[in-house]
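Throughout the sequence shown, residue numbering follows the numbering used here, covering 1 to 76 in sequence.
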Amino acid sequence: MFDSYRNNLRLFSMSPLTNLVSASKYSFSVLFSCTEETIMEIQSDFLDILKKAQVLVEQSPARKVCQMNFDIFSYP
Numbered sequence: 001m002f003d004s005y006r007n008n009l010r011l012f013s014m015s016p017l018t019n020l021v022s023a024s025k026y027s028f029s030v031l032f033s034c035t036e037e038t039i040m041e042i043q044s045d046f047l048d049i050l051k052k053a054q055v056l057v058e059q060s061p062a063r064k065v066c067q068m069n070f071d072i073f074s075y076p
């Protein structure tokens, strides 16, 4: 169920993302090779960023709706 929700949300967000001017968005994608241990370290670092972002968001007035995605996975 969550996979369907996540996929639909991602598709829904692509339309406005492509229509925004570059100054209004930050988008990043990279393909790399590493070990499983490196993947786990990157994921842990991202969870730390999410904790910091949560504090910032909780202290910020609600003026804009934003979306942040993070995917890390291995190709089969």
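Ideal placement from N, C-alpha and C gives every residue a C-beta, glycine not left out.
A quick note: this is a predicted structure, and the numbers were derived from the prediction, not measured.
Q.
Helix, strand or coil for ALA62? Go by DSSP, reduced to three states.
A. coil
Q) Going by C-alpha distance, which of PHE12, ALA62, MET68 is nearest LEU50? A) MET68
Q) Which stretch, first to last residue, makes up the alpha helix (DSSP H) that contains THR18? A) 2–19
Q: Give me the Cβ distance between ILE72 and GLN43, rounded to the nearest whole Å; I'm assuming they're in contact under 8 Å.
A: Taking C-beta atoms under 8 Å as the contact rule, ILE72 and GLN43 qualify, at a distance of about 6 Å.
**Q.** Spatial distance of PRO61 from PRO76 (CA atoms)
**A.** 43 Å
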